[in-house]
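Protein sequences appear in the order of chains E and D. For the first sequence, the numbering used here assigns the number 275 to the last residue and increments by one with no breaks. For the second sequence, the numbering used here assigns the number 1325 to the last residue and increments by one with no breaks.
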Amino acid sequence: MVGRSRFAVLSSYGVVTLLLLLTMFPFGIMISRSFKSLYQTGISQIFPTLPLHYGNYVIAWNYIARYIANSVILVVLTLVGVLVMSSITAYVFARYDFPGRRFLFMAIISLLMVPGILVLIPLFVLISRDLGLKDSLLGLLFPYWAGGQVFAIFVLHSFFQTLPEEMFEAARLDGAGHVRIYWNLVLPLSGPILSVVAILQIISTWNDYILPLLILTRDSVRTVAIGLIFLRDTKFPQPGVEMAAYVIASIPMFLLFLATMRTFISGIMSGAIKI
Amino acid sequence: MASTYAEAPSARLPRARAGEKRALPLWQRVWRARGLYLLIVPTFGLLLVFSYYPVGSALYHAFTIWDGNYSRFVGLLQFQRMLADPYFIASVINMVRLLIFHVGVNLTVPLVTAVLVFHLPSDRAQYWYRVLFTLPLVVPGVVTVLLWRWMYDPYGGINALLKAVGLASLAMDGLQPRSWLGSTSTALYAIMFAGFPWVGSINMLIYLAGLQAIPNELLDAAAVDGATGVQRFWRVEVPMILGQIRLILIMVIIDVIRGFGNILIMTDGGPGHATMVPGLVLFRAGTRESRLGYASAIGLVLFVVILILTVINMRFLRPLAEEGK
Chain E
1 MVGRSRFAVL SSYGVVTLLL LLTMFPFGIM ISRSFKSLYQ TGISQIFPTL PLHYGNYVIA
61 WNYIARYIAN SVILVVLTLV GVLVMSSITA YVFARYDFPG RRFLFMAIIS LLMVPGILVL
121 IPLFVLISRD LGLKDSLLGL LFPYWAGGQV FAIFVLHSFF QTLPEEMFEA ARLDGAGHVR
181 IYWNLVLPLS GPILSVVAIL QIISTWNDYI LPLLILTRDS VRTVAIGLIF LRDTKFPQPG
241 VEMAAYVIAS IPMFLLFLAT MRTFISGIMS GAIKI
Chain D
1001 MASTYAEAPS ARLPRARAGE KRALPLWQRV WRARGLYLLI VPTFGLLLVF SYYPVGSALY
1061 HAFTIWDGNY SRFVGLLQFQ RMLADPYFIA SVINMVRLLI FHVGVNLTVP LVTAVLVFHL
1121 PSDRAQYWYR VLFTLPLVVP GVVTVLLWRW MYDPYGGINA LLKAVGLASL AMDGLQPRSW
1181 LGSTSTALYA IMFAGFPWVG SINMLIYLAG LQAIPNELLD AAAVDGATGV QRFWRVEVPM
1241 ILGQIRLILI MVIIDVIRGF GNILIMTDGG PGHATMVPGL VLFRAGTRES RLGYASAIGL
1301 VLFVVILILT VINMRFLRPL AEEGK
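1) On a CA-only basis, which of E:L200, E:P212, E:A198, E:E169 is nearest E:L185? Give me that one, please.
2) Which residues in chain E sit within 9 angstroms of D:G1299, going by Cβ to Cβ distance?
3) I'd like to know if the stretch 1066-1085 of chain D and the stretch 1154-1173 of chain D are in contact, where contact means that at least 3 CB-CB pairs between them fall below 8 angstroms.
4) If you compare alpha carbons, which of E:F159, E:V224, E:L214, E:F7 is closest to E:L133?
5) Can you find a C-beta in chain D that's less than 8 angstroms from the C-beta of E:A170?
6) Can you give the Cα-Cα distance for D:I1214 and D:E1237, rounded to whole angstroms?
7) Which ranges would you report for the beta strand (DSSP E) in the stretch 1116-1194 of chain D if only whole runs of at least 3 residues count?
8) Does D:L1116 come within less than 8 angstroms of chain E when only Cβ atoms are used?
9) Would E:S37 pass as a contact of E:H53 if the rule is Cβ separation under 8 angstroms?
10) For D:L1365 and D:G1035, I'd like the C-alpha separation in whole angstroms.
11) How big is the Cα-Cα spacing for D:H1102 and D:N1262?
12) E:I203 by DSSP, collapsed to three states: which one?
13) D:T1267 by DSSP, collapsed to three states: which one?
14) Please name the residue in D:N1203, D:V1112, D:M1240 whose C-alpha comes closest to that of D:L1218.
15) Let's test the definition: count the other Cβ atoms within 10 Å of the Cβ of E:F7 and tell me whether it reaches 16, buried, or not, exposed.
16) Around the Cβ of D:I1312, are there at least 16 other Cβ atoms within 10 angstroms (buried) or fewer (exposed)?
17) Could you tell me the distance, in whole angstroms, from the CA atom of D:M1192 to the CA atom of E:T23?
18) Quick check on E:M1: buried or exposed, where buried means 16 or more other Cβ atoms within 10 Å of its Cβ?
19) Applying the 10 Å Cβ sphere with the 16-neighbour rule, what's the burial state of D:A1187?
20) In chain E, which residues lie less than 7 angstroms from D:G1279 when you measure between Cβ atoms?
21) So, does the CB of D:I1245 fall closer than 8 angstroms to a CB anywhere in chain E?
22) Measure the C-alpha to C-alpha separation of D:G1324 and D:M1276 and round it to an integer number of angstroms.
23) Taking only three categories from DSSP, how would you classify E:T49?
24) Quick check: the stretch 103-110 of chain E against the stretch 192-210 of chain E, are there 3 or more CB pairs under 8 angstroms?
25) Which same chain residues, not among the five before or five after E:Y182, have their C-beta less than 6 angstroms away from its C-beta?
26) Starting from D:S1071, trace the beta strand (DSSP E) in both directions and tell me its first and last residue.
27) Only counting the same chain, and skipping five residues up and downstream in sequence, which positions put a Cβ closer than 7 angstroms to that of E:M269?
28) Out of E:I153, E:E166, E:L163, which one is the CA nearest neighbour of E:V196?
29) Along the chain, where does the beta strand (DSSP E) containing E:I210 start, and where does it finish?
30) Taking 8 angstroms as the CB-CB cut-off, is E:R129 touching chain D?
31) How about E:V247 and E:S44: are their beta carbons less than 8 angstroms apart?
32) Apart from the five residues on each side of it in sequence, which residues of its chain come closer than 7 angstroms, Cβ to Cβ, to D:A1006?
33) To the nearest whole angstrom, what separates the beta carbons of D:L1146 and E:I229, a pair I think is in contact under 8 angstroms?
34) What whole-angstrom Cβ distance do E:V119 and D:A1058 have, given they're in contact under 8 angstroms?
35) Go through its chain and collect everything with a Cβ distance to D:P1110's Cβ below 7 angstroms, but skip five positions before and after it.
36) Output, in chain order, the set of chain E residues within a Cβ distance shorter than 7 angstroms of D:I1265.
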């Protein structure tokens, strides 16, 4: 920048770094405590102590491996279902005209305005009493498929509309049907946008805890987010173990972030803007 | 965001079969498009059962007494009960306090952070600060909430810190270590303080994206005119990212109105109703108290408020916010 004093630059580095450190502070404590034995938490609640106590991670893993497995299964099934159904539906609405198209599309998009809190209780009654899916991952899978699709269709539909019509005409002249065009033409062109949708879906499924709290009451079926909530109440592990469990639960999303940084950020931002 | 893509003119879209004339009777057009309807059946089947039906159920049961099995239509009774329920009244007051706090904080801290990062002279440094500020987002929200719950514990992080910096008297409440979430006088403030320093990574990134979209000529012109950092902030940057500012304003308001997960975990609304919020009154009525009609009525009220805000956002604010992308 022109005319900025050295002091101004240094102080903005200082302020930004301070804000960053304060933001990271609770997570720093989490990691520091996760390596402490019970005795070491007595020496200092917060600051790291030596020797590092790796054993906490082994114990924590034994506590939450089951929850992690449940979450992974749920995330994978949710993701596949949402991507397949929403991309097909978005493709149909974006590239074909048929009676009722406008009305049906508005019917989907209007669901974007429905906040989860309105349907929380009826959904809970429907799943656990009417359908008898309490304590079953299916009881979450179906509403996730339904809820996840709406925004995915909205995003994918906008993207599919931008694809040039000439391409589709050429494919149709070659005798390709709806499904062939979708599979051989639309999908290969949609990699980036599909991965944004996928990441948003993965994060929101992994992190959701309100509906799971209602549907999954049996310990063995719990997902990792709600498993952590009950960790202290039911099993009362040592503080270090508890923090190690938090760290382990954060690792999958951390790895996803490292692998897909740019897409990860777009996914999170599009999710935030969806409201 | 994706919605900026222009709407494709539907006249150019092919019908189910090429060469088909518009003049065909409706049933024939429907019949010809049967393959397409088949493709969207799974989506609509799921939405019908798990989206439209619960919405209808919520809207209807807001006017009933409902225990989950049996319901009886009672008109506006549940809404009258709301006005007479001290827990609900307290929850609305708490919500307003949280709103004021979160709006104030989210319009300042992430914005200032974004401006500072934006003006760092090195592109590499900008990039790394962006990445590092994004990092807290990988931690599941529930972990962040549980961490803060522990921070406020009588034997938790805040009290340990206070002792470490010589403020041990603050860490005590009489002869007991202070329980920040357990006392009526501190609980709501503790909930507000959680998340300090409230950079709110997503909001920071949204502001930053807005700043990066400001044409360089504008910033250069400001520099040539000898504008100070503060002048440039108020006269160039803030006007250019008004869209983002309004977007975040609406997002924060909606999040506070419908949010209760963090409070459910940290205090469950207590002590007493010191940290109760409407969403939590709904949650408790709908689960532990078997007052599902009451829960539905609260849900309807929150929905209407959020709907009004969403419409304002879609009509007036979203287009503005997306100009900058």
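Every residue gets a Cβ at the ideal spot worked out from N, C-alpha and C, and that includes glycine.
This is what the structure gives:
1) By one-based count along the first sequence, residue 185 of chain E stands at place 185. Selection E:L200, E:P212, E:A198, E:E169 evaluated against E:L185 yields E:E169 as nearest (Cα-Cα).
2) Stepping through the second sequence from its first residue, residue 1299 of chain D is reached at position 299. Near D:G1299 (Cβ distances below 9 angstroms), the residues of chain E are P115, I117, L118, V119, L120, I121, P122.
3) Contact between the stretch 1066-1085 of chain D and the stretch 1154-1173 of chain D is not established, with fewer than three Cβ pairs separated by less than 8 angstroms.
4) Start at 1 with the first residue of the first sequence, and residue 133 of chain E comes out as number 133. The shortest Cα separation from E:L133 among E:F159, E:V224, E:L214, E:F7 belongs to E:L214.
5) Stepping through the first sequence from its first residue, residue 170 of chain E is reached at position 170. So, not an interface residue.
6) For the purposes of this step, residue 1214 of chain D is taken as the residue at position 214 of the second sequence. For the purposes of this step, residue 1237 of chain D is taken as the residue at position 237 of the second sequence. Distance between the alpha carbons of D:I1214 and D:E1237 is about 8 angstroms.
7) Within the stretch 1116-1194 of chain D, not a single complete beta strand (DSSP E) segment reaches 3 residues in length.
8) If you number the second sequence from 1, residue 1116 of chain D lands on position 116. Judged by the 8 angstroms Cβ criterion, D:L1116 is in contact with chain E.
9) As a working mapping, residue 37 of chain E is identified with position 37 in the first sequence. As a working mapping, residue 53 of chain E is identified with position 53 in the first sequence. The Cβ atoms of E:S37 and E:H53 lie closer than 8 angstroms to each other.
10) No statement about residue 1365 of chain D is possible, as the shown extent of chain D runs from 1001 to 1325 and does not include it.
11) Here residue 1102 of chain D corresponds to residue number 102 of the second sequence, with the count starting at 1. Here residue 1262 of chain D corresponds to residue number 262 of the second sequence, with the count starting at 1. The alpha-carbon atoms of D:H1102 and D:N1262 are separated by roughly 14 angstroms.
12) Within the first sequence, numbered from 1, the residue matching residue 203 of chain E stands at position 203. In the structure shown, the three-state DSSP call for E:I203 is helix.
13) The count along the second sequence starts at 1 and reaches residue 1267 of chain D at position 267. DSSP, reduced to helix, strand and coil, places D:T1267 outside both helices and strands of the structure shown, so it counts as coil.
14) Taking the first residue of the second sequence as 1, we reach residue 1218 of chain D at position 218. Looking at the Cα atoms, D:M1240 is the closest of the given residues.
15) Reading the first sequence from its first residue, position 7 is the one you call residue 7 of chain E. With fewer than 16 other Cβ atoms within 10 Å, it is exposed.
16) Locating residue 1312 of chain D in the second sequence gives position 312, counting from the first residue. It counts as exposed.
17) Reading the second sequence from its first residue, position 192 is the one you call residue 1192 of chain D. Reading the first sequence from its first residue, position 23 is the one you call residue 23 of chain E. If I take the Cα positions, the gap works out to 15 angstroms.
18) Here residue 1 of chain E refers to the residue found at position 1 of the first sequence. Annotation note: pLDDT 45 at E:M1 (below 50); position unreliable, no value reported.
19) By 1-based counting over the second sequence, the position of residue 1187 of chain D is 187. With 16 or more Cβ atoms within 10 Å of its Cβ, D:A1187 is classed as buried.
20) For the purposes of this step, residue 1279 of chain D is taken as the residue at position 279 of the second sequence. For a Cβ distance threshold of 7 angstroms, residue set I117 of chain E lies close to D:G1279, ordered along the chain.
21) Residue 1245 of chain D sits at position 245 when you count from the first residue of the second sequence. D:I1245 does not count as touching chain E.
22) Mapped onto the second sequence, residue 1324 of chain D falls at position 324. Mapped onto the second sequence, residue 1276 of chain D falls at position 276. Unreliable placement is indicated for D:G1324, whose pLDDT of 44 sits below 50; the coordinate value is still reported in the next sentence. Roughly 38 angstroms between the two C-alpha positions.
23) Locating residue 49 of chain E in the first sequence gives position 49, counting from the first residue. Looking at E:T49 - three-state DSSP - the assignment turns out to be coil, as it is neither helix nor strand.
24) Output reads no: the stretch 192-210 of chain E does not touch the stretch 103-110 of chain E.
25) Here the question's residue 182 of chain E lines up with position 182 in the first sequence. Cβ neighbours of E:Y182 within its own chain (closer than 6 angstroms, five residues either side excluded): Y91.
26) As a position in the second sequence, residue 1071 of chain D is number 71, starting the count at 1. In the DSSP assignment, D:S1071 falls within the unbroken beta strand (DSSP E) covering 1071-1073.
27) Position 269 of the first sequence, counted from the start, is the residue given in the question as residue 269 of chain E. Residues of the same chain with a CB within less than 7 angstroms of the CB of E:M269, apart from the 5 flanking positions on each side, do not exist.
28) On the first sequence, residue 196 of chain E is found 196 positions in, with the first residue counted as 1. Checking every option, the nearest Cα to that of E:V196 belongs to E:I153.
29) Here residue 210 of chain E corresponds to residue number 210 of the first sequence, with the count starting at 1. Per DSSP, E:I210 belongs to no beta strand (DSSP E); it is in the alpha helix (DSSP H), 210-215.
30) Position 129 of the first sequence, counting from 1, holds the residue named residue 129 of chain E. True, the Cβ-Cβ gap to chain D drops below 8 angstroms.
31) Within the first sequence, numbered from 1, the residue matching residue 247 of chain E stands at position 247. Within the first sequence, numbered from 1, the residue matching residue 44 of chain E stands at position 44. No; because the gap between Cβ atoms is not below 8 angstroms, this pair is not in contact.
32) Indexing the second sequence from 1 puts residue 1006 of chain D at position 6. In this prediction, D:A1006 has a pLDDT of 39, which is less than 50 and means its spatial position is unreliable; what the coordinates show is noted afterwards. Counting only Cβ-Cβ distances below 7 angstroms, and skipping sequence neighbours, we find nothing.
33) In the second sequence, the residue the question calls residue 1146 of chain D occupies position 146. In the first sequence, the residue the question calls residue 229 of chain E occupies position 229. 7 angstroms between Cβ atoms; contact.
34) Position 119 of the first sequence holds residue 119 of chain E. Position 58 of the second sequence holds residue 1058 of chain D. The Cβ separation is near 6 angstroms, so the contact holds.
35) Taking the first residue of the second sequence as 1, we reach residue 1110 of chain D at position 110. Within the same chain, D:P1110 has close Cβ partners V1199, G1200, N1203, M1204, Y1207.
36) Indexing the second sequence from 1 puts residue 1265 of chain D at position 265. For D:I1265, the residues of chain E that pass the 7 angstroms Cβ criterion are I229, in the order they occur in the chain.
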